[in-house]
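S.K.: Numbering (this note's numbering), first residue to last: 76 to 648.
Positions of the beta carbon are idealized from the N, C-alpha and C atoms, including for glycine.
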């Protein structure tokens, strides 16, 4: 009897404690929502840290899920996009892991998955955005919620259009147009995405498009290079956006950027600069329009990259141009620090490389007139930083694992990366076979792996911090002196090839045009080694071609050294 009473008391105490914890989580969330400030958010974070270790029941998990939804919403509002993404991801994982759909009819699509998809889009993580949208389309189909199915079709089609996957955008738009319950405004959105995709593909249907939609009219005018007419349609789009009940600063900023691009095509550089200022003012309302924003005021928003790249392009001063481009690099780093998709990384790496070429071109012009060695150092830093970034990252991960083969974090990271690649291949097959359930399951698994990789990266970065060597050129010169060597490094741009020659005593910087003749000379030289007889068949021609290429690549400018270290790039590889 005594033991039964003790057990009963323990059960009663446990139930009361559970109810108290559940209520405490709801109260903490409600208090924060009543007065959302920096101080109240700090209090919420302290409460969250206290709650997390104690949560056990499914009701407590549901309360914590609501806390995370509100936390993610606030982080997004204060432009902490990467943290907001991690928060919504955590909420979605809790919802799935504890099957919260069995105890609540809360609209997880509207309040968790849609905001998460939008955030992925903001940071340019189109792969995870696609996974999330497909997951909530699957939920909507299973619950026969046509309104959410249509919303999913619009968002997925728009995502494909933004990512340049125009055929997929047309296909999804057409599927969306077949769903019953389509309102006139949603029908117009789907038709606009379809028409814009047809215009982008230059389809025959694009020539017969008849529409009142200003966005479609703008794209048609742009395709026909009627920039003045495109400006008129764009102004109407901007006016409509400002008049919408739900004001979207991001959407308006993007329209100002499009306006700036049009003005540049019309050689209206002052108007272009003004539109870019307008875009910055929308994204940073407290910013002084006469100055470039401080780095710490910028946040993970891909519109900033478009703004600063265009600003850099129209600057007269090389210093101002580089300052603009540096802000683009900075925002790109903010965007990519938590991205795990190789496809998305490649997209950003390609933009970084083109931007690096623009910076190197500016510095080369400065060097021609000023002849200062520190200009070469800056140019070399731009060249080195953004060449083969993904390959360097992959090699760095493997090297770190080789150095620390028993580190469980590094082992887990490699397992997850391998699994990610395998699941991606399975997803491609499932989509081809149109197996909706498998597509949904794989999309969720890939989202979960992406989330796990982000958390692992943070832990690995703390364990193995990257040494940012600001004096890399001095260290390089010391090593070259020790090895009695000279270094020749190339940057293979779209328009020009840049050569950097470094020894312990000097720095040299050259540029030559990358044209069809140069690419042909490289290709011809490589072909000499495709067969053992090619050189022997015409030794004289090989000698002449090799000598000419030796001079083209500026190898004749290397001072006498025992050793030459060559770092090729692009086709030179």
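Leaving out the 5 sequence neighbours to the left and right, which residues in its chain are closer than 7 Å to residue 309 when beta-carbon positions are compared?
M.R.: On the chain shown, position 234 is the one that residue 309 refers to. So the qualifying residues of the chain are 293, 330, 333, 334, 337.
S.K.: Can you list, in chain order, the stretches of the alpha helix (DSSP H) that have 4 or more residues and sit fully within the region 129-154?
M.R.: As far as the region 129-154 is concerned, its whole alpha helix (DSSP H) runs of at least 4 residues are 133-152.
S.K.: Following the continuous beta strand (DSSP E) through residue 573, name the residue where it begins and the one where it ends.
M.R.: The residue labelled residue 573 in the question sits at position 498 within the chain shown. Residue 573 -> beta strand (DSSP E) spans 571-577.
S.K.: When you compare each of 560, 585, 629 to residue 638 by their alpha carbons, which one comes out closest?
M.R.: Here residue 638 is taken as the residue at index 563 of the chain shown, counted from 1. If we check each option's Cα against that of residue 638, 560 comes out closest.
S.K.: In the structure shown, what three-state DSSP assignment does residue 585 receive?
M.R.: Stepping through the chain shown from its first residue, residue 585 is reached at position 510. Strand, per DSSP.
S.K.: Can you find the residues in the same chain that come closer than 6 Å, C-beta to C-beta, to residue 502, ignoring five residues on each side of it along the sequence?
M.R.: For the purposes of this step, residue 502 is identified with residue 427 of the chain shown, where counting begins at 1. For residue 502, where only same-chain residues beyond five positions count, the Cβ hits under 6 Å are 517.
S.K.: Mapping the DSSP letters down to three states, classify residue 238 as helix, strand or coil.
M.R.: Start at 1 with the first residue of the chain shown, and residue 238 comes out as number 163. Coil at residue 238, not helix or strand.
S.K.: Under a three-way DSSP split, which group does residue 593 fall into?
M.R.: In the chain shown, counting from the first residue as 1, residue 593 sits at position 518. Correct three-state label for residue 593: helix.
S.K.: For residue 404, tell me which candidate among 389, 144, 283, 381 has the shortest Cα-Cα distance.
M.R.: The residue you call residue 404 lines up with position 329 of the chain shown. For the residues 389, 144, 283, 381, the minimum Cα distance to residue 404 belongs to 381.
S.K.: Under the DSSP definition of a beta bridge, which residues are partnered with residue 561?
M.R.: As a working note, residue 561 is residue 486 in the chain shown. Paired residues: 639.
S.K.: How many Å lie between residue 567 and residue 646 at the Cα?
M.R.: As a working mapping, residue 567 is identified with position 492 in the chain shown. As a working mapping, residue 646 is identified with position 571 in the chain shown. Going by the C-alpha atoms only, they are around 7 Å apart.
S.K.: Alpha carbon to alpha carbon, what distance is there between residue 392 and residue 688?
M.R.: Nothing in the structure corresponds to residue 688, since the chain is present only between 76 and 648.
S.K.: Run through DSSP, which three-state label would residue 650 get?
M.R.: For the chain, the structure presents residues 76 to 648; residue 650 sits outside this window and is missing.
S.K.: Which residues in the same chain have their Cβ closer than 7 Å to the Cβ of residue 644, if we skip the five residues on either side of it in sequence?
M.R.: Along the chain shown, one-based indexing puts residue 644 at 569. Closer than 7 Å at Cβ, skipping near neighbours: 462, 565, 566, 567.
S.K.: Whether or not the region 524-539 and the region 548-557 are in contact is what I'm after, with contact meaning three or more pairs of Cβ atoms, one per stretch, closer than 8 Å; do they touch?
M.R.: As far as the Cβ criterion goes, the region 548-557 does not touch the region 524-539, which means the pair count is below three.
S.K.: Spatial neighbours of residue 208 within its chain, please: C-beta separation below 6 Å, excluding the five flanking residues on both sides.
M.R.: Numbered from its first residue, the chain shown carries residue 208 at position 133. Excluding sequence neighbours, residue 208 sits near 192, 227, 230, 231.
S.K.: Between residue 428 and the rest of its own chain, which residues show a CB-CB distance below 6 Å, the 5 nearest in sequence each way excluded?
M.R.: In the chain shown, residue 428 corresponds to position 353, counting from 1. Correct list, in chain order: 461.
S.K.: My assumption, with CB atoms under 8 Å, is that residue 402 sits in contact with residue 367. Please give the rounded CB distance.
M.R.: If you number the chain shown from 1, residue 402 lands on position 327. If you number the chain shown from 1, residue 367 lands on position 292. The Cβ separation is near 7 Å, so the contact holds.
S.K.: What's the C-alpha gap between residue 301 and residue 117?
M.R.: Taking the first residue of the chain shown as position 1, residue 301 is located at position 226. Taking the first residue of the chain shown as position 1, residue 117 is located at position 42. Roughly 53 Å separates the two Cα atoms.
S.K.: Nearest to residue 342 by CA position, among 234, 122, 389, 355, is which residue?
M.R.: Here residue 342 refers to the residue found at position 267 of the chain shown. Closest option to residue 342, Cα to Cα, is 389.
S.K.: Evaluate contact between the region 131-149 and the region 172-183, counting only Cβ atoms and requiring at least three cross-stretch pairs below 8 Å.
M.R.: Judged by Cβ distances under 8 Å, the region 131-149 makes contact with the region 172-183, as three or more pairs qualify.
S.K.: If you draw a straight line from the alpha carbon of residue 531 to that of residue 195, how long is it in whole angstroms?
M.R.: Sequence index remark: in the chain shown, residue 531 carries index 456 (1-based). Sequence index remark: in the chain shown, residue 195 carries index 120 (1-based). C-alpha separation (whole angstroms): 19 Å.
S.K.: In the DSSP assignment, the alpha helix (DSSP H) including residue 357 goes from what residue to what residue?
M.R.: Locating residue 357 in the chain shown gives position 282, counting from the first residue. Unbroken alpha helix (DSSP H) run through residue 357: 344-358.
S.K.: Tell me whether residue 107 sits in a helix, a strand or coil according to DSSP, three-state version.
M.R.: Position 32 of the chain shown holds residue 107. Helix at residue 107.
S.K.: Taking residue 585 as the reference, which of 238, 540, 624, 442 has the closest Cα?
M.R.: For the purposes of this step, residue 585 is taken as residue 510 along the chain shown, with counting starting at 1. Of the candidates 238, 540, 624, 442, the one whose C-alpha sits nearest the C-alpha of residue 585 is 442.
S.K.: Leaving out the 5 sequence neighbours to the left and right, which residues in its chain are closer than 7 Å to residue 263 when beta-carbon positions are compared?
M.R.: As a working note, residue 263 is residue 188 in the chain shown. Cβ neighbours of residue 263 beyond the five flanking positions: 288.
S.K.: Could you tell me the alpha carbon to alpha carbon distance between residue 577 and residue 435, rounded to whole angstroms?
M.R.: In the chain shown, the residue the question calls residue 577 occupies position 502. In the chain shown, the residue the question calls residue 435 occupies position 360. Cα to Cα, residue 577 sits roughly 16 Å from residue 435.
S.K.: Check whether the region 405-415 touches the region 152-165, taking contact to mean three or more Cβ pairs, one atom from each stretch, closer than 8 Å.
M.R.: As far as the Cβ criterion goes, the region 405-415 touches the region 152-165, which means the pair count is three or higher.
S.K.: State the beta-bridge partners of residue 163 as determined by DSSP.
M.R.: On the chain shown, position 88 is the one that residue 163 refers to. None, per the DSSP bridge assignment.
S.K.: In this structure, does DSSP put residue 604 in helix, strand or coil?
M.R.: Taking the chain shown and counting its residues from 1, the one referred to as residue 604 is at position 529. Residue state, collapsed to three classes: coil.
S.K.: I want to know whether the region 95-107 touches the region 118-126 - three or more CB-CB distances under 8 Å.
M.R.: At 8 Å Cβ cutoff, the stretches touch.
S.K.: Determine the DSSP secondary structure at residue 232, reduced to helix, strand or coil.
M.R.: On the chain shown, residue 232 is found 157 positions in, with the first residue counted as 1. If DSSP states are grouped into helix, strand and coil, residue 232 belongs with the helices.
S.K.: How is residue 322 classed by DSSP in three states: helix, strand or coil?
M.R.: Reading the chain shown from its first residue, position 247 is the one you call residue 322. Three-state DSSP puts residue 322 in coil, outside helix and strand.
S.K.: Tell me, please, whether the region 252-262 touches the region 270-279 by the rule of three or more beta-carbon pairs shorter than 8 Å.
M.R.: Segments in contact, no.
S.K.: Rounding to the nearest angstrom, what Cα-Cα distance links residue 250 and residue 527 in this structure?
M.R.: On the chain shown, residue 250 is found 175 positions in, with the first residue counted as 1. On the chain shown, residue 527 is found 452 positions in, with the first residue counted as 1. Computed Cα separation, rounded: 33 Å.
S.K.: Just to confirm before moving on: does the CB-CB distance between residue 650 and residue 291 stay below 7 Å?
M.R.: A query on residue 650 cannot be resolved here, the shown segment of the chain reaching from 76 to 648 and no further.
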